[in-house]
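Report on the following structure.
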Amino acid sequence: MVSTFANYNLIARNLDRTLTLKKAEPLVARDTDYFLANIGNVKSVDDFIKDTRLFNYAMNAFGLEDMAYAKAYMRKVLDEGIADKNSFANRLADDRFVNFAKTFDFAAKGDKVTSDTEAMKKVTELYARQEVEEEAGNEDEGVRLALYFERTAPTVKSAYGLLADPALWQVVKTVLGFPDAMAGADIDKQAAAVNKRLDVKDLQDPEKLQKLIGRFTVMWDVNNNTDTDPVLTLFSSGSGSAQSTVSTELAATLHNLKRGGY
Numbered sequence: 008m009v010s011t012f013a014n015y016n017l018i019a020r021n022l023d024r025t026l027t028l029k030k031a032e033p034l035v036a037r038d039t040d041y042f043l044a045n046i047g048n049v050k051s052v053d054d055f056i057k058d059t060r061l062f063n064y065a066m067n068a069f070g071l072e073d074m075a076y077a078k079a080y081m082r083k084v085l086d087e088g089i090a091d092k093n094s095f096a097n098r099l100a101d102d103r104f105v106n107f108a109k110t111f112d113f114a115a116k117g118d119k120v121t122s123d124t125e126a127m128k129k130v131t132e133l134y135a136r137q138e139v140e141e142e143a144g145n146e147d148e149g150v151r152l153a154l155y156f157e158r159t160a161p162t163v164k165s166a167y168g169l170l171a172d173p174a175l176w177q178v179v180k181t182v183l184g185f186p187d188a189m190a191g192a193d194i195d196k197q198a199a200a201v202n203k204r205l206d207v208k209d210l211q212d213p214e215k216l217q218k219l220i221g222r223f224t225v226m227w228d229v230n231n232n233t234d235t236d237p238v239l240t241l242f243s244s245g246s247g248s249a250q251s252t253v254s255t256e257l258a259a260t261l262h263n264l265k266r267g268g269y
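Numbers 8 to 269, taken from my numbering, label the letters of the sequence shown in order.
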């Protein structure tokens with residue numbers, strides 16, 4: 008069994024090609040063509056929600072496929088928009104809803120929102136990325152979490168943003184070694200614990216972000232009894248800091264040497 012560490016690095020190194028191949032798959036291409044051909048005809052929240060195929064595509068693109076059935080809930084998200092800090096989307100403390108409402112901002116832009124071709128094209132890019140992540144997760148949930156973290160974590164502004172997103176929190180919790188029981192603590196105390204161990208601004212630094220993800224993939228393998236190279240377990244030990252004292256690049260080199268990759 009290939010480790011999460013190896014699987015993630017393989018996909019990450021070839022992500023552009025993987026996305027291109029995913030977009031060319033018949034089902035993905037067909038759904039994307041339908042979205043681009045019809046989204047411009049949507050002039051209201053009602054139009055959007057009534058076209059189940061369009062709506063589900065958009066929901067999938069933002070990782071909200073599990074909420075596609077909750078149309079009344081999503082109508083409230085869209086109707087109230089994001090301009091008011093007390094709007095429904097802003098009060099949900101989940102950036103997926105905020106980003107969805109920002110892209111489909113009928114509240115502020117009315118019937119012109121879907122005529123923004125660049126914004127709609129970005130939806131299709133998100134959809135392809137989600138499909139790649141989901142497919143990776145079917146084989147290894149750790150890889151899906153790592154890919155999601157790579158894409159999403161740089162947009163997080165505070166520890167509360169990490170705590171509000173179950174997938175992001177799973178990565179952070181694994182890297183920092185926080186116990187499941189921590190979920191029962193006061194939210195402000197949880198945020199303080201995160202801030203003590205992790206500078207959220209580091210997530211916007213590509214190099215620091217990759218080091219954290221590299222550490223996560225190794226620890227995920229160890230914690231889930233994956234067939235991990237014994238040498239890689241060295242990278243999960245230590246003080247529990249988000250920064251490994253030995254580079255992820257060295258871990259990759261050792262991993263490849265063991266398999267005759269060099």
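Idealized CB from N, CA, C, for every residue including glycine.
8 Å contact criterion, which residue i and residue j should meet: CB distance rounded
i	j	result
L205	L183	7 Å
F12	T224	4 Å
L210	V150	Not really, about 19 Å apart at Cβ, beyond 8 Å.
Q177	L152	6 Å
V52	D73	Incorrect: roughly 20 Å between the Cβ atoms, too far for contact.
N45	L61	6 Å
A198	L175	Not confirmed; about 13 Å, so no contact.
Straight-line gap, residue i to residue j (C-alpha atoms, nearest Å)
i	j	result
V207	L22	25 Å
F113	K119	8 Å
T235	R98	Because T235 carries a pLDDT of 49, less than 50, the predicted location of this residue cannot be relied on, and no value is offered for it.
Y4	D102	Shown here, the chain extends from 8 to 269; a query on residue 4 therefore has no answer.
A36	T131	10 Å
D38	K196	44 Å
P161	E125	21 Å
Y64	L26	17 Å
M66	S10	31 Å
D187	V179	12 Å
P213	M226	20 Å
R24	G191	42 Å
A96	R158	21 Å
Endpoints, alpha helix (DSSP H) assigned at residue i
i	result
K172	Per the sequence presented here, residue 172 reads as Asp, with Lys not at that position. No alpha helix (DSSP H) holds D172; DSSP gives it neither H nor E.
A68	59-68
G117	That residue, G117, is in no alpha helix (DSSP H); it is neither H nor E in DSSP.
F156	148-159
N106	102-110
M226	213-230
N93	Here N93 belongs to no alpha helix (DSSP H), and DSSP marks it neither H nor E.
P33	33-45
V201	194-204
Y15	11-20
Buried versus exposed call for residue i [16 or more other C-beta atoms within 10 Å across all chains shown]
i	result
N48	exposed
K57	exposed
R222	buried
S243	Because the pLDDT of S243 is 45, which lies under 50, any placement of that residue in the model is unreliable, and the question is left without a value.
I89	buried
N202	exposed
G117	exposed
N231	exposed
T59	exposed
A77	exposed
8 Å Cβ cutoff, residue i in contact with chain D
i	result
T124	Absent from the structure: chain D. Only one protein chain is present.
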